[in-house]
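Each residue of the sequence shown is one higher than the one before, counting from -5 in my numbering.
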Amino acid sequence: MNLLSIEKRNLVLRSMVKLVGQERSSIILTNHEDLQAYDGSDLAMEERLKVDDKKVDEMILSLNQLASQEDPVGVERFHFVHDNGIKVINKTAAFGTILIIYESRPDVTIEAGGIAFKSGNKILLKGGKEALKSNLKIVDLWHQALEENGISKDWVEYLNYNRTETQAFLEKPTQKVDLIVPRGGEKLIEFVKAHATCPVIVSGRGNNFVYVHEKADTDLALKVILNAKTSKISACNAVDKVLIDSKLPNFEGFTAILIEELKEHNVEVIVDESLKTFEDTATLQNEAIWYEEFLDYKIVIGTIDSEEKAIEKINKYCGGHSAVIITRDDTAAQEFMDAVDTAAVYQNASTRFTDGGQFGLGGELAISTDKLHQRGPIGLQHLVTNKWYVYGDGQIR
-5 MNLLSIEKRN
5 LVLRSMVKLV
15 GQERSSIILT
25 NHEDLQAYDG
35 SDLAMEERLK
45 VDDKKVDEMI
55 LSLNQLASQE
65 DPVGVERFHF
75 VHDNGIKVIN
85 KTAAFGTILI
95 IYESRPDVTI
105 EAGGIAFKSG
115 NKILLKGGKE
125 ALKSNLKIVD
135 LWHQALEENG
145 ISKDWVEYLN
155 YNRTETQAFL
165 EKPTQKVDLI
175 VPRGGEKLIE
185 FVKAHATCPV
195 IVSGRGNNFV
205 YVHEKADTDL
215 ALKVILNAKT
225 SKISACNAVD
235 KVLIDSKLPN
245 FEGFTAILIE
255 ELKEHNVEVI
265 VDESLKTFED
275 TATLQNEAIW
285 YEEFLDYKIV
295 IGTIDSEEKA
305 IEKINKYCGG
315 HSAVIITRDD
325 TAAQEFMDAV
335 DTAAVYQNAS
345 TRFTDGGQFG
355 LGGELAISTD
365 KLHQRGPIGL
375 QHLVTNKWYV
385 YGDGQIR
């Protein structure tokens, strides 16, 4: 499909803003049908599934932000003039067709679809069965927005496939697919990686760590950990593991208060052997739990003897997403942030900020834990490839 002009792409996004606003009640009512049909077996999945007024407001905000951003296609990245006069220019270019496979979240049908469309790509959306009615409603609005502006509905397509049909499409696509982005749990990601025959950007697991350094502000540490764990347990940027330096002054007092605060927020606290004397906790039975992403009211707390050992443990067990050091020592913080191998590193702030909107990208397609082709939140400006333009006048080599 030929690239749509930026004017046409923005008109479609503005039409979507209007339609989502007009259909707010219908979107929420349709989503309520999906919620009623869901069996509630997965708390994080259920939380991601829900669409309320706040979620619709976020959809509209995302579309408005996208419509106001600069065109990410055709941006010059490199310019070179050869001795023989040939001009060589590298510019950003659309991928072509992007397949987004995701679980539960109807807002992805707006946000990720909008980012893919604004960056000049055709979108194939494959949502989960638990959100089918919500997704089909939103895709219908996409089609209305496209038709209102004289543009083919083929630019946004919903693949209503079951697991077997999805696997068959991944292995032998019935149309050209240039990039696949799976957005969901580890099982979904492994399924896509196992069967896809074209490039995949992995939106990987969280399993994020907070390291409370010996020079930490403990009041700040409490505030950050509680926010990172409890503000949204279904988010991949929630924290799952806390390492407390044994040299922290009032180590036992701080640990006791942290456990008490977490229990008040209904968080199950699991501790390593060094902390098993603390009340209302469970002692971890298997070291493999350090690898787990919980997406639940559950946290593991352990003791660590040094910053070097904290870095080593985080790099071994984390999901490559986000890690935090709580400290007043800026030198120690910089050493930690340089050495920890995650997409986002923090000093004295919650992991909950690892998000395209919070990082100033105006939304995100996903959060990549790969190092190619983009790491961390994938925003509008990242959902492009590049292309070389060479201008000559009969030169030969």
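Where is the CB? At the ideal position from N, CA and C, for every residue including glycine. Quick caveat: nothing in here was measured; it's all calculated off a predicted structure.
If you draw a straight line from the alpha carbon of residue i to that of residue j, how long is it in whole angstroms?
i, j, result
"D387", "I80", "7 Å"
"H76", "E70", "17 Å"
"A215", "S197", "28 Å"
"N342", "N231", "15 Å"
"E51", "V11", "The residue asked about is misnamed: residue 51 is Asp in this sequence, not Glu. C-alpha separation (whole angstroms): 10 Å."
"M53", "Y383", "37 Å"
"Y385", "V82", "7 Å"
"V67", "K2", "14 Å"
"K49", "P243", "42 Å"
"F72", "H376", "16 Å"
"A110", "Q279", "44 Å"
"K209", "S240", "11 Å"
"I320", "G350", "23 Å"
"Y285", "D335", "15 Å"
"K310", "F330", "14 Å"
"V133", "G121", "11 Å"
"S228", "E40", "9 Å"
"S344", "N221", "7 Å"
Measure the Cβ-Cβ separation of residue i and residue j and say whether it is below 8 Å.
i, j, result
"G357", "S9", "no"
"L126", "T103", "no"
"R322", "D211", "yes"
"L43", "S98", "yes"
"T249", "V263", "no"
"G114", "V150", "no"
"I361", "H315", "yes"
"T191", "L164", "yes"
"K292", "V261", "yes"
"R346", "K235", "no"
"V194", "P176", "yes"
"L359", "Q63", "no"
"K365", "K85", "no"
Residue i bridges to which residues according to DSSP?
i, result
"E262", "K292"
"N129", "None; N129 has no bridge partner."
"E70", "K85"
"K424", "This structure does not reach residue 424, given that the chain is present from -5 up to 391, and the question cannot be answered."
"N202", "V233"
"G370", "S362"
"A338", "S316"
"Y383", "I83"
"T297", "I238"
List the whole-angstrom C-beta distance separating residue i from residue j, where the pair is believed to meet the contact cut-off of C-beta under 8 Å.
i, j, result
"A38", "F203", "That pair is no contact at about 19 Å."
"V206", "S128", "Not confirmed; about 40 Å, so no contact."
"G313", "T363", "6 Å"
"V265", "I295", "5 Å"
"T297", "L252", "With 8 Å as the limit, T297 and L252 do not qualify as a contact, their Cβ atoms being about 12 Å apart."
"R199", "E180", "5 Å"
Relative to the C-alpha of residue i, which residue among the options is closest?
i, options, result
"D88", "C312, L(-3) and V175", "Note that residue 88 is Ala in the sequence shown, not Asp. Of the listed residues, the one whose Cα sits closest to A88 is L(-3)."
"D101", "K181, E255 and R18", "R18"
"E258", "K223, K235, K2 and A190", "K223"
"K170", "Q30, I117, I145 and I251", "I117"
"A304", "L153, I238 and E273", "I238"
"I95", "T249, L153 and A337", "L153"
"V14", "A139, L29 and G122", "A139"
"D290", "A190, V133 and V233", "V233"
"E124", "Y32, V194 and E41", "Y32"
"A338", "I372, V378 and L182", "I372"
"Q328", "F353, N309, G354 and E301", "E301"
Using 7 Å as the cut-off, classify the Cβ of residue i as near or not near the heavy atoms of the ligand SAH, replying yes or no.
i, result
"A360", "Absence of the ligand SAH from the depicted structure is noted, as is the absence of any ligand whatsoever, leaving it without description."
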